[in-house]
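Student: Residue numbers are given in this note's numbering: position 399 of the sequence shown equals residue 386, and the series is strictly consecutive.
Below you'll find the structure I mean.
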Amino acid sequence: MTQKDGANDAPARPAKSASRAGEALSKPPSGGDPSSQVDNLFKDWGGDYKTPGAAVLVMQDGKVLHEKGYGLTEVGGLKLGPQTVFELASVSKQFTAMAVMLLKQEGKLDYSDRLGKYFNFRALEANEVTVLQLLDHRSGLPEYGEVFAAANLIDKHFPRSAKADRGRFEPTVDDVLKSLAEQYEFAFAPGARYSYSNSGYVLLSKIVEKVSGQAFPAFMRERIFKPLGMESSFIYEKSSPVPAEAALGHDRGWTVFNEIDYTPLDFIYGDGSVQTNLSDMRKWVLALDELSSASRGDKGGKLPVTRATFKEALKKAEETDTPGVSYGFGWFLGKARGLDGVWHSGSWGGYRTMIMRFPSQKFTVVVLSNVAHLMPTFMAAKVSTFFLEGVMERPRTPPVTKEILARFAKRYTDDSGDYYDVTLEPEAGGKHALFLKYSTLDKFKLVPVRGDGGKFRGEFFIEGLFGFDAFRYTLDERRNVINVPSRPKGPAQNQRRSFGRRSKF
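Rendered as structure tokens:
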């Protein structure tokens, strides 16, 4: 989706903005009320540099505590704000899951239904996969993007600008179903393990179509968006018009921001493609608060499902490949600084998104970004600490000598092939600290954390994000590093697959 309206303004200065964005995460914000702290965190987006940026929503107890845009829809474009429409990427999965829950509630499908009930697959494993395993990423389905790439149906040069050549093949959800149905075998036996799957959620959208008799975009509009008053929200497909206030996706070059608003997989939905804005996300958050409420009664207002249905979905959460983190129906579940939280991120093209909730506190942060390097996962976690610091656990930081820290200062290559640098740098007062070089411009301070018995055991957290994203090394008896953590990508976030649809958080 593109947005080309707006005056031609001053050129972007991404290098300076990008580097300072990293510093904002590695240093405590200046004092002031929480809303001012949010402004300080995003201060380098949308200032004099005229960059793309993010729209941020903070809500608690049904009230908006902060709602503001930082940056532009594109360089020289409109200001981001509550009405700006973004691609949600994998945050869309919770909407797809809600559609499945609704049909389950109406008795039109069951979580134990087998994939073979709905579609004919060549692989025998399809007769073992359940709807529940599609929801919690235990199906074993191959990733459809990798299937298309292996068949040489899509090129590898995306995302890119819509002004460039379009792909020779722009698959739809029907093409995804066809390609998966023709596979001879799955990646692993259904139910054997957790593996984040975009293919599973695409097939869930097809199941919704088959059961309801409606196209998925129409079903979502009539059964989810419209009842909640989400008038600006829709499923992006080939026939979708571009909203007047649409954010254009970007990445960061050395001297400019580049438009990356096209991939040949843009017209596939279920795993992503919900388009919405902060104004509509307000209504979604209110619905989630009501569904998470301990109030008696089945239903309140125009909620899509009953509280019992929603709570059952979260209770069915299964452990993921991240210790202490489970996956429900479109949500990760775990603890952050002692609080029970649910969250999900999204990544597609030049869009990065995040919704982070603490249901017991009725607190939610939403960050919608149109620049690939903003890292809304970290931003949302930081914003949460500004408002909830008083009820969160405080980190226990043990004293660690410079000599011990120096053992961690080197270049690492993790299991996924990503490399990153950890450097030892001096601080005020003659002290030293470790810094993770996330990119050529951004770096984050690694803070030691006490382990069992109060001793340091090689575990760090990125400063300010204690309890959100552990960065764990395994040490031998001499405290030499023998197991390397993956480069952090946000709380419980795995690397986006090379040709996967949309990554998660």
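Don't be surprised by glycine CBs; every beta carbon is placed ideally from N, CA and C.
This structure is a prediction, so every number in the text was calculated from the model and none was measured.
Give me the Cα-Cα distance between Gly103 and Phe221, rounded to the nearest whole angstrom.
Tutor: Here residue 103 is taken as the residue at index 116 of the sequence shown, counted from 1. Here residue 221 is taken as the residue at index 234 of the sequence shown, counted from 1. Taking the straight line from one Cα to the other gives about 29 Å.
Student: Across which residues does DSSP place Gln81 in a beta bridge pair?
Tutor: Counted from its first residue, the sequence shown places residue 81 at position 94. Paired residue(s): none; Gln81 is not in a bridge.
Student: Classify His53: buried if its beta carbon has 16 or more other beta carbons within 10 angstroms, exposed otherwise.
Tutor: Indexing the sequence shown from 1 puts residue 53 at position 66. By the 10 Å Cβ count, His53 comes out buried.
Student: Taking the alpha-carbon positions, what's the Glu115 to Tyr105 distance?
Tutor: On the sequence shown, residue 115 is found 128 positions in, with the first residue counted as 1. On the sequence shown, residue 105 is found 118 positions in, with the first residue counted as 1. Glu115 and Tyr105: Cα-Cα distance of roughly 12 Å.
Student: Starting from Asp20, follow the beta strand (DSSP E) in both directions and report where the run begins and ends.
Tutor: The residue given as residue 20 occupies position 33 in the sequence shown. Here Asp20 belongs to no beta strand (DSSP E), and DSSP marks it neither H nor E.
Student: Using DSSP with H/G/I as helix, E/B as strand and the rest coil, what is Glu196?
Tutor: Walking along the sequence shown from the start, residue 196 turns up at place 209. In the structure shown, Glu196 sits in a helix (DSSP, three-state: H, G or I).
Student: Can you list, in chain order, the residues of its chain with a C-beta nearer than 8 Å to that of Val134? Leave out the 5 residues immediately preceding and following it.
Tutor: The residue you call residue 134 lines up with position 147 of the sequence shown. Ser166, Leu167, Gln170.
Student: How long is the line joining the alpha carbons of Met379 and Thr372, rounded to whole angstroms?
Tutor: What you label residue 379 is simply residue 392 of the sequence shown in a count that begins at 1. What you label residue 372 is simply residue 385 of the sequence shown in a count that begins at 1. Distance between the alpha carbons of Met379 and Thr372 is about 8 Å.
Student: Should Val409 be flagged as near chain C, meaning a C-beta pair shorter than 8 Å?
Tutor: Looking for chain C here will not work: only one protein chain is present.
Student: Quick one, which of Arg444, Ala396, Gly445 has its alpha-carbon nearest Val409's?
Tutor: Counting from one through the sequence shown, the residue named residue 409 turns up at place 422. The residue with the shortest Cα to Cα distance from Val409 is Ala396.
Student: Asn107: buried (16+ other C-beta within 10 angstroms of its C-beta) or exposed?
Tutor: Along the sequence shown, one-based indexing puts residue 107 at 120. Classification of Asn107: exposed, given that the 10 Å Cβ count is below 16.
Student: Apart from the five residues on each side of it in sequence, which residues of its chain come closer than 6 Å, Cβ to Cβ, to Phe448?
Tutor: Here residue 448 refers to the residue found at position 461 when the sequence shown is read from its first residue. So the list reads Val434, Val436, once near-sequence residues are dropped.
Student: Quick check: the Cα distance between Gln506 and Phe212, rounded to an integer number of angstroms?
Tutor: Given a span of -12 to 492 for the chain in the structure shown, any question on residue 506 remains unanswerable.
Student: Go ahead and label Val72 buried or exposed: buried means 16 or more other beta carbons lie within 10 angstroms of its beta carbon, across all protein chains shown.
Tutor: Numbered from 1 along the sequence shown, position 85 holds the residue referred to as residue 72. So Val72 ends up on the buried side.
Student: If you pair each beta-carbon of the region 75 to 89 with each one of the region 320 to 339, do three or more pairs fall below 8 Å?
Tutor: Output reads yes: the region 320 to 339 touches the region 75 to 89.
Student: Between Met217 and Lys289, is the Cβ-Cβ spacing less than 8 Å?
Tutor: In the sequence shown, counting from the first residue as 1, residue 217 sits at position 230. In the sequence shown, counting from the first residue as 1, residue 289 sits at position 302. In this structure, Lys289 does not lie closer than 8 Å to Met217 by Cβ.
Student: Within this structure, are the beta carbons of Ser148 and Ile247 separated by less than 8 Å?
Tutor: Start at 1 with the first residue of the sequence shown, and residue 148 comes out as number 161. Start at 1 with the first residue of the sequence shown, and residue 247 comes out as number 260. Against a cut-off of 8 Å, the Cβ pair of Ile247 and Ser148 comes out as a contact.
Student: Who are Lys504's beta bridge partners in DSSP?
Tutor: No information on residue 504 is available, as it lies outside the stretch -12 to 492 that the chain covers here.
Student: Report the three-state DSSP secondary structure of Asp276 (helix, strand or coil).
Tutor: Translated into positions along the sequence shown, residue 276 becomes position 289. Three-state DSSP puts Asp276 in a helix.
Student: How many Å lie between Ala295 and Glu277 at the Cα?
Tutor: Looking up residue 295 in the sequence shown gives position 308. Looking up residue 277 in the sequence shown gives position 290. When rounded, the distance between both Cα atoms is 12 Å.
Student: Threshold first: 3 residues or longer. Then list the beta strand (DSSP E) segments lying entirely within the region 240 to 271, N to C.
Tutor: Listed in chain order, they are 244 to 246, 261 to 263.
Student: In the structure shown, what three-state DSSP assignment does Gly333 receive?
Tutor: Walking along the sequence shown from the start, residue 333 turns up at place 346. Reduced to three states, the DSSP call for Gly333 is strand.
Student: Taking 8 Å as the cut-off, decide whether the C-beta atoms of Val45 and Phe374 are in contact.
Tutor: What you label residue 45 is simply residue 58 of the sequence shown in a count that begins at 1. What you label residue 374 is simply residue 387 of the sequence shown in a count that begins at 1. Yes; because the gap between Cβ atoms is below 8 Å, this pair is in contact.
Student: Would DSSP call Ala(-6) helix, strand or coil?
Tutor: Looking up residue -6 in the sequence shown gives position 7. Caution is warranted here: a pLDDT of 35 is assigned to Ala(-6), below 50, making its placement in the model unreliable, and no coordinate value can be reported.
Student: What are the boundary residues of the alpha helix (DSSP H) that includes Leu122?
Tutor: On the sequence shown, position 135 is the one that residue 122 refers to. Counting along the chain, the alpha helix (DSSP H) containing Leu122 begins and ends at 118 to 122.
Student: Which runs of the alpha helix (DSSP H) fall wholly inside the region 56 to 101 and span at least 4 residues, in chain order?
Tutor: Whole alpha helix (DSSP H) segments, 4+ residues: 80 to 92.
Student: Measuring only the C-alpha atoms, how far is Tyr399 from Leu423?
Tutor: For the purposes of this step, residue 399 is taken as the residue at position 412 of the sequence shown. For the purposes of this step, residue 423 is taken as the residue at position 436 of the sequence shown. Straight-line Cα distance between these residues: approximately 11 Å.
Student: Please go through the same chain and pick out, in chain order, the residues whose beta-carbon is closer than 6 Å to the beta-carbon of Leu164, but skip the five residues on each side of it.
Tutor: Stepping through the sequence shown from its first residue, residue 164 is reached at position 177. So the qualifying residues of the chain are Lys193.
Student: Roughly how many angstroms separate the alpha carbons of Ser266 and Leu111, rounded to a whole number?
Tutor: As a working mapping, residue 266 is identified with position 279 in the sequence shown. As a working mapping, residue 111 is identified with position 124 in the sequence shown. Cα-Cα distance, rounded: 45 Å.
Student: Let me know the secondary structure DSSP gives Pro385 once reduced to three states.
Tutor: On the sequence shown, position 398 is the one that residue 385 refers to. Reduced to three states, the DSSP call for Pro385 is coil.
Student: Going along the chain, which residues of its own chain have a beta-carbon closer than 8 Å to the beta-carbon of Lys95, five neighbours each way excluded?
Tutor: For the purposes of this step, residue 95 is identified with residue 108 of the sequence shown, where counting begins at 1. So the qualifying residues of the chain are Val198, Ser199.
Student: Pull up the distance between the alpha-carbon of Leu428 and that of Ala281, whole angstroms please.
Tutor: As a first step, residue 428 is located in the sequence shown; it is residue number 441 there, counting from the start. As a first step, residue 281 is located in the sequence shown; it is residue number 294 there, counting from the start. Here the model assigns Leu428 a pLDDT of 47, short of 50, so the residue's position is not dependable, and the following value carries that caveat. Going by the C-alpha atoms only, they are around 46 Å apart.
Student: When DSSP labels each residue in this structure, what does Tyr314 get in the three-state scheme?
Tutor: The residue labelled residue 314 in the question sits at position 327 within the sequence shown. Note: Tyr314 maps to strand in three-state DSSP.
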